[in-house]
């Protein structure tokens, strides 16, 4: 067992691979324990979750700036499939293939900067409009947000799967 896998395994509750409620609870608990990040596993801080770049292609006008998006009571659901891969060390590691994600939230807030070439009054009005109409705005942004979340969580989960053998993640099914 490597130092990386010991660090992770010590705080992860093992489940049988097919026990979905147990696996969901174990992953949820693990994310809460590691929300500040774990450098030994290459895990960045999850709270707050920082997304360095998200492409949102809407409209025809040029624009670039920073934003702050806050979701209240966000439930993020990911489903994936994959296969086991035996390595030279004789251990099996899970290899993630396809991944599908979605999320729901009870409230979405956003603040965009540099709107209308920095015109503060117009920018403030637009931000107010976006927050007053958050449900419609979120419908438009949801694919880009899901894409950004999926990229981040895929990297985190893949990092764990690459460093922690399958037998340390899951109990035998027999």
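Residue numbers (this note's numbering): 1312 to 1485. For glycine and all other residues, C-beta sits at the position ideal for the given N, C-alpha and C. Quantities reported herein were computed from a predicted structural model and do not represent experimental measurements.
Exercise. Identify which residue in 1475, 1380, 1358, 1335 has its Cα closest to the Cα of residue 1421.
Key: Nearest option by C-alpha distance: 1380.
Quiz item: Taking Cβ to Cβ, would you say residue 1398 is nearer than 8 Å to residue 1404?
Solution: Contact flag set, yes.
Quiz item: Could you give the residue range of the alpha helix (DSSP H) that holds residue 1449?
Solution: Residue 1449: member of the alpha helix (DSSP H) spanning 1445-1474, first to last residue.
Quiz item: So which of 1419, 1468, 1375 has the shortest CA-CA distance to residue 1448?
Solution: Nearest option by C-alpha distance: 1419.
Quiz prompt | Span of the beta strand (DSSP E) around residue 1410 | solution = Run containing residue 1410: 1403-1415, per the beta strand (DSSP E) assignment.
Practice problem: Buried or exposed for residue 1432, please, with buried defined as at least 16 other CB atoms from any protein chain shown within 10 angstroms of its CB. | Solution: Per the 10 Å Cβ criterion, exposed.
Quiz prompt | Proximity winner among 1395, 1378, 1425, relative to residue 1407 (alpha-carbon distances) | solution = If we check each option's Cα against that of residue 1407, 1395 comes out closest.
Quiz item: What's the C-alpha gap between residue 1390 and residue 1430?
Solution: Spanning the two alpha carbons is a distance of roughly 43 Å.
Quiz item: Going by alpha carbons, who is nearest to residue 1354 out of 1477, 1442, 1483, 1466?
Solution: For residue 1354, the nearest C-alpha among the options comes from 1466.
Quiz prompt | Closest residue to residue 1392 among 1436, 1409, 1323, 1434 (Cα-Cα distance) | solution = Per the Cα distances, 1409.
Quiz item: What are the boundary residues of the beta strand (DSSP E) that residue 1420 is part of?
Solution: Where residue 1420 is concerned, the enclosing beta strand (DSSP E) stretches over 1418-1423.
Quiz item: What three-state label does DSSP hand residue 1479 in the structure shown?
Solution: Here DSSP, grouped into helix, strand and coil, assigns residue 1479 to helix.
Quiz item: Would a C-beta distance cut-off of 8 Å place residue 1384 and residue 1413 closer than the cut-off?
Solution: No, Cβ-Cβ distance for residue 1384 and residue 1413 is not below 8 Å.
Exercise. Spatial neighbours of residue 1477 within its chain, please: CB distance less than 8 Å, with the 5 preceding and 5 following residues excluded, ordered by chain position.
Key: Result list for residue 1477: 1395, 1402, 1403, 1404, 1405, in chain order.
Quiz prompt | DSSP state of residue 1333 mapped onto helix, strand, coil | solution = Correct three-state label for residue 1333: helix.
Quiz item: How far does the beta strand (DSSP E) with residue 1387 in it reach, from first residue to last?
Solution: In the DSSP annotation of this structure, the continuous segment of the beta strand (DSSP E) that includes residue 1387 starts and ends at 1386-1397.
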